[in-house]
Amino acid sequence: MLTIFKNEWKAFLRNKIFLFFSIFFVLLLIITTYFGILQNNQQIINQKSAQDHIRNQWDEMGPYNAHSAAHFGTYAFKPNSILSSLDEGVNAVTGIVLRLEGHKQNDAAFSESSQSLFVSQFGKFKISLLFQFIIPLFLIFFSYNIYTSEITSGRLKLLIVQGNSFKKIIFSKILTLLSLAGILLLFSVLFQLLFNFNQIGVEELLRLSIFFLAYILYYSIIISFTVLISLLLKNNTSALSLTLICWFLWTIFFPKTIGSFTEDLTPQSSRFLLQSNMDEDREKGIDGHNPEDVRIKELEAKVLREYNVDSLSQLPINFSGILLQADEDYGNKVWDKHYGLLYSNLLKQKKHYQISGLINPFASLQNLSMASSGTDLIHHLDFLSKAELYRRKFIKTLNNEYTYGNFKIDGGNLSSSDFFKSIDDFNYNGLSIHKIIVKYTLDILFLISWTAILLLLINAKTKKYLINES
Amino acid sequence: MNLNIFKYELKHFYRNKAKFYSYIVFMFLSLYALINVYNIKEKQLDTINEIYNKQEQERLKVINWYENNQTGPDDKSWVNINDPFWAILYNPTYVIKEPSELYPLGIGQSEQYGFYKQTKRWSSTYDTDMAEEISNYERLINGSVDFSFLIIFLLPVLYIILTYNINTLEKDLYFHKLISVQCIKVKKWLISRLLFYLTLILVSINSLIITVGLTSGGFEIMGQILKLIFLSNIYIFSFSIIFYFINIKSKNSSSSSFKMISIWMIFCVIIPGSVHQYANYKYPGNFMTDFLDTNRKETYEVFKLDNIDLHNLLIELYPRLENLDNFKDQNLKAQAIRRSISAIINQMNIHAANEIEIQNENKNKLIKSSYIYNPVSFVQNLWNSYTETDYYAYKSYRFQVQKSITVRNELMLEEIWNSKVSDKKTYLKYIQTLKLDN
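Taken in order, these protein sequences are the chains called A and B.
The first sequence begins at 41 in the working numbering and counts up one residue at a time.
The second sequence begins at 187 in the working numbering and counts up one residue at a time.
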């Protein structure tokens, strides 16, 4: 088997088209990886500078009213991880700026794709585009006739006469093509390591390994599937047509249609309806800015009882702060209810989409590629949830100051700038891959099953061939 | 053109299962895409109706207050709708971007933007509620199956399946010389065969465009329909010319299919992807800190100004206000000035938003400059402009939003600075003033 493998490589290296495309891909890979990393690092710098800019404004605020500061608020800027250059995932379509302020939760706004004309249907020319769309197509072209070309050239009989089994020949050819794809993948991983050497840790290595393995499995599927079709149809034209049709279905048609179908399966309300329902629920709670709210009277009585005083003026604290926090707590419950449902529906849709890996291995690859690059829906929702948790802590700190006034200057309404400076900035720590990989079990299983089944089918088919031939 | 060759090709097409079913599948997909986007359009129209209903209910509530001599909601005694400030505040306005008649033919960039916005005096065109409709982000990156996608990206693939082995299958089977022997010029024979598929495709898609266009918007939009037909036909024709040369030059069907797919890959995936990557490198995702500064820091600085400064600023921004001298009561004057701050902020927001538009336009210029070697993006953007789903359609929608905010603020200034009193009649007038033709 090793000899055939070596011979295949020798033949490949003698093949001008193969050489041309190999060099072309390696160059493309270097350029893509380099520009991907450059652009990603630029975005990381921009994000950091935006974050610093906003923080400076906060620090320079000087003595200020704590509640006004809650309205002033802050911003969370969605960071790019160093591996985002591999697969951009949902980052291009999600908002990148999130305003964090008192009384209300905002949506992340200003998605990159809304900032210009349409450019590309299949995304930027990143590693993922190369590995998901282009390389599989060329693997198909290199593998669709590996069986028929051997027959027409008469080389197959020669190899069998030399004591090689048909099975060995076919598997050696599959392995040769897979090794070619593997080398390209390895190049890409190595470039990542090289260009981001200082920032690569165990987490990134783990992610790169998952990325590598997912693509290797997918390429095994592509090559095996093409070879199997070729073995079954024994006709170049039909084999190529059918494989290409399948490739289009997998990579272009199914992701779009099944994506739409999963949205129909778990429908979401419109943003307008969601907001209307939230407003309705919010009205049932305390309105921190409405002194005539009956629920405020109840809270007032409770606080007066707690402090054993008769009127608000006798309170050693600022009642408005308690009111605002109560308003905030209620608003948080409303948000949890509605956005909790929204997020859980999004995850349900994702799960349904993952099931499509049963008929479409590309879906599983896409999921694992985004997950390992930290650009999938789960990572995005994690960012939004952590930003919301930070907002709650941030507002609570300001409301507490507004209530108890530990940093108030001369008993006035203003709190010292030291207080504002003491509030930590939002620092997003991304998810660790080992925490979420379990959510991708289905994708891993589908890729492994597809590979195993196809290899078993090829095995069976090649055995049959020998019996027939003999 | 030889009619016999044309007829023979029809027979061949009908008998060739791979080609015939590919065509059928494509037509089925086209219908699916049209229905899919039609449903999206219907969903949008449902939401728009809900918005109009809510707006109507809220206005009716205020009209009832006037009729019942109420000054506002029971639990907000400080609200007085006889004061124009509150009357305008309680006059909700929504700016809607209604889907165009040709929307089913191209969803374009519409999924990246919101299509409705409630405009208030503090609103801006880059508020977070301008975000796109709720959708699964992972679905958004794959996009929807829409008709323009099928025409621009899949139709060339269908054309490849239908034509890749014309002249090359004959070479595969070594009887290509028979064609010349039969006294037929190979080029003429090839053109006739290719023309059959080109005609088939063009007739099919043109019928769909005409049917959908006329059903959706009638003869009034015939001009737009014809533009789409012209664009799609030129696009496919360009591909067919390239494929003709591949057919004539290729030595076998594998070679021709490989070349054709490579051409498709280069024009539809590699070039647009590279331009996208470069444009993003040159103009990275904008965190819009300038706008955020205006929206937050500078706004708060305006709040800190005293009334004299604010008064001067307002007169500078709105010179018409200068001749108004209705405020003998200093408290009322102070209140009017404080209530006018949103008009100052609005001017600042306009300026900040214009800066963003300029930055976006620079990126667009770069994208447009690539059209010479990136024709697919050009065709897609032109198509989107015909279906009013491109960046500029939404830019013009943002301008509508801005106009609504400005009209609201200016109306408020006009009424407050003239010490007007509002009643049902003026409230109805406000509705008309705040209504934009969108």
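Where is the CB? At the ideal position from N, CA and C, for every residue including glycine.
- Ile263(A) has its alpha-carbon roughly 14 Å from the corresponding atom of Gln172(A).
- One thing to note: Ala204(B) has its Cβ within 8 Å of the Cβ of Ser281(A).
- No Cβ of chain A is located within less than 8 Å of the beta carbon of Thr573(B).
- In the displayed model, Ile352(B) falls within coil according to three-state DSSP, outside both helix and strand.
- When beta bridges are read from the DSSP output, Thr311(B) appears opposite no residue.
- Residues of the region 232-243 of chain A with a C-beta less than 8 Å from any C-beta of chain B: none at all.
- Across the structure, Asn604(B) and Lys551(B) are spaced so that their CA atoms are roughly 46 Å apart.
- Three or more beta-carbon pairs drawn from the region 580-599 of chain B and the region 527-543 of chain B are found closer than 8 Å, and the two stretches are therefore classed as touching.
- For Asp261(B), at least one C-beta of chain A is nearer than 8 Å to its own C-beta.
- Listed in chain order, the alpha helix (DSSP H) runs fully inside the region 243-281 of chain B are 270-275, counting runs of at least 4 residues.
- With respect to Thr305(B), Asn433(B) sits apart: the two C-beta atoms are not nearer than 8 Å.
- Residue contact check for Ile449(A) against chain B: no CB pair falls below 8 Å.
- For Lys435(B), the number of other beta carbons within 10 angstroms of its own is below 16, and it is reported as exposed.
- Within chain A, no residue has its CB atom less than 7 Å from the CB of Ile221(B), the nearest being about 11 Å off.
- Within chain B, the residues Asn322, Tyr323 and Glu324 have their CB atoms less than 9 Å from the CB of Leu417(A), given in chain order.
- Looking from the CA of Thr481(A), the closest CA among Lys391(A), Phe158(A), Ser472(A) and Leu495(A) belongs to Lys391(A).
- Ile167(A) places its beta carbon less than 8 Å from that of Thr72(A).
- The beta carbon of Thr314(B) sits closer than 8 Å to some beta carbon of chain A.
- With fewer than three CB-CB distances shorter than 8 Å, the region 324-341 of chain B does not count as touching the region 608-620 of chain B.
- Per DSSP, the beta bridge partners of Asn105(A) are Leu454(A).
- The beta carbon of Tyr299(B) sits closer than 8 Å to some beta carbon of chain A.
- By the Cβ criterion, the region 413-430 of chain A is in contact with the region 380-389 of chain A, since at least three pairs of Cβ atoms, one from each stretch, lie closer than 8 Å.
- Counting along the chain, Tyr469(B) sits inside no beta strand (DSSP E), nor does DSSP assign it H or E at all.
- Where Leu138(A) is concerned, the enclosing beta strand (DSSP E) starts and stops at Val137 to Leu140.
- The continuous beta strand (DSSP E) containing Phe117(A) extends over residues Thr114 to Phe117.
- At a C-beta separation below 9 Å, Lys549(B) has these neighbours in chain A: Gln155, Ser156 and Leu157.
- Taking all protein chains in view, the Cβ of Gly241(A) is surrounded by fewer than 16 other Cβ atoms within 10 Å, so the residue is classified as exposed.
- Contact check for Val607(B) against Lys303(B) fails: the beta carbons are separated by 8 Å or more.
- Within chain A, no C-beta atom comes nearer than 7 Å to that of Ala579(B); the closest sits roughly 11 Å away.
- Glu596(B) and Ser472(A) have their C-alpha atoms spaced approximately 52 Å apart.
- Only Met451, Cys454, Val455, Ile456, Pro458, Gly459, Ser460, Val461, His462, Gln463, Tyr464, Ala465, Asn466, Tyr467, Tyr469, Pro470, Gly471, Asn472, Phe473, Met474 and Thr475 from the region 449-477 of chain B bring a Cβ to less than 8 Å from some Cβ of chain A.
- Nearest Cα to Gln308(A) within the set Leu421(A), Tyr379(A), Thr188(A) and Leu140(A): Tyr379(A).
- Judged by DSSP secondary structure, Tyr302(B) falls within the beta strand (DSSP E) whose first and last residues are Tyr302 to Thr305.
- Contacts with chain B at 8 Å (Cβ-Cβ) do not include Pro103(A).
- Non-local C-beta neighbours of Gln83(A) in its own chain, meaning closer than 6 Å and more than five positions away in sequence, comprise Asn120, ordered along the chain.
- Sequence-distant Cβ neighbours of Leu388(B) in its own chain, meaning closer than 6 Å and more than five residues away, are Asn419.
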